[in-house]
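*Asks:*
Residue numbers (this note's numbering): 2 to 204.
1) For residue 114, does the count of other Cβ atoms within 10 angstroms reach 16, so buried, or fall short, so exposed?
2) Give the DSSP bridge partners of residue 175, in chain order.
3) If you draw a straight line from the C-alpha of residue 141 to the C-alpha of residue 77, how long is it?
4) Report the rounded CA-to-CA distance for residue 102 versus residue 186, giving the unit in angstroms.
5) In angstroms with no decimal places, state the Cα-to-Cα distance between residue 135 and residue 100.
6) Given this structure, state the Cα-to-Cα distance separating residue 47 from residue 87, to the nearest angstrom.
7) Check each candidate in 130, 75, 51 and name the one with the smallest Cα separation from residue 37.
8) Start and end of the beta strand (DSSP E) containing residue 202?
9) Does residue 110 come out as helix, strand or coil in the three-state DSSP assignment?
10) Which of helix, strand or coil does DSSP assign to residue 149?
11) Of all the options 151, 85, 131, 92, which has the alpha carbon lying nearest to the alpha carbon of residue 104?
12) Use the C-beta contact count for residue 150: other C-beta atoms within 10 angstroms, 16 or more gives buried, fewer gives exposed.
13) Could you check how far apart the C-beta atoms of residue 143 and residue 107 are, in whole angstroms? I think they sit under 8 Å.
14) Quick one: what's residue 165 bridged to in DSSP?
15) Cutting at 8 Å between CB atoms, please list the residues of its own chain near residue 65, excluding the five before and the five after it.
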């Protein structure tokens, strides 16, 4: 519910759409479709000086709704709009709930938006979000599929764990540690059977 500071502070139609999304009454897909076709809604966000530029993913025109992180970024922009105006809203977003859960379960060396991880682990988990059973199931599947020799990769950039026909490849070693790296790149050595796969990331 939107609580107005003054009786004259009536929400605009664009704000009503944002409110509906912020409270979980419409999905991110419906909101994004509306946003892409609604000039008033776009202008409301583009021209809002109270929103930090870094929280305006719309400006970068790179939103892909298949990525959980992108969906969460959309919600954060809308949420920030109301918070910075001290407008009380009953925020509810399934993507934010899911993301908050996953960052506590999934190690940093795995990209939670990786297609293989999403399709073969996340989407196959039948336990309800937030349950101990779900946390344990996902953790076990990660141990089962993401194998490494001694320690997992410490990525210089975001995770690029390669995937083979049978799933994530075996990680052997890396050429350096990001914290002590003197070069401008690090090589990560993976194996698909006897075949060596090298992933190089630049600083």
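Think of the CB as a built atom: it goes at the ideal place given N, C-alpha and C, for glycine as much as any other residue.
*Replies:* In short, the structure shows the following:
1) For the purposes of this step, residue 114 is taken as residue 113 along the chain shown, with counting starting at 1. The residue in question, residue 114, is buried, as its Cβ has 16 or more Cβ neighbours within 10 Å.
2) Here residue 175 refers to the residue found at position 174 of the chain shown. Beta-bridge pairing links residue 175 to 189.
3) Within the chain shown, numbered from 1, the residue matching residue 141 stands at position 140. Within the chain shown, numbered from 1, the residue matching residue 77 stands at position 76. Using only the alpha carbons, I get a separation of about 31 Å.
4) Taking the chain shown and counting its residues from 1, the one referred to as residue 102 is at position 101. Taking the chain shown and counting its residues from 1, the one referred to as residue 186 is at position 185. If I take the Cα positions, the gap works out to 32 Å.
5) Here residue 135 refers to the residue found at position 134 of the chain shown. Here residue 100 refers to the residue found at position 99 of the chain shown. Using only the alpha carbons, I get a separation of about 14 Å.
6) As a first step, residue 47 must be located in the chain shown, where it is residue number 46. As a first step, residue 87 must be located in the chain shown, where it is residue number 86. Answer to the nearest angstrom: the Cα atoms are 20 Å apart.
7) Stepping through the chain shown from its first residue, residue 37 is reached at position 36. If we check each option's Cα against that of residue 37, 75 comes out closest.
8) In the chain shown, residue 202 corresponds to position 201, counting from 1. Where residue 202 is concerned, the enclosing beta strand (DSSP E) stretches over 196–203.
9) Counting from 1 along the chain shown, the entry for residue 110 is found at position 109. DSSP places residue 110 in coil when its eight states are reduced to three.
10) For the purposes of this step, residue 149 is taken as the residue at position 148 of the chain shown. Three-state result, residue 149: strand.
11) Taking the chain shown and counting its residues from 1, the one referred to as residue 104 is at position 103. Considering only alpha carbons, the answer is 131.
12) By one-based count along the chain shown, residue 150 stands at place 149. Classification of residue 150: exposed, given that the 10 Å Cβ count is below 16.
13) To locate residue 143, count along the chain shown from 1; it is residue 142. To locate residue 107, count along the chain shown from 1; it is residue 106. Contact flag correct, Cβ pair sits at about 7 Å.
14) Sequence index remark: in the chain shown, residue 165 carries index 164 (1-based). Residue 165 is bridged to 168.
15) In the chain shown, the residue the question calls residue 65 occupies position 64. Counting only Cβ-Cβ distances below 8 Å, and skipping sequence neighbours, we find 71.
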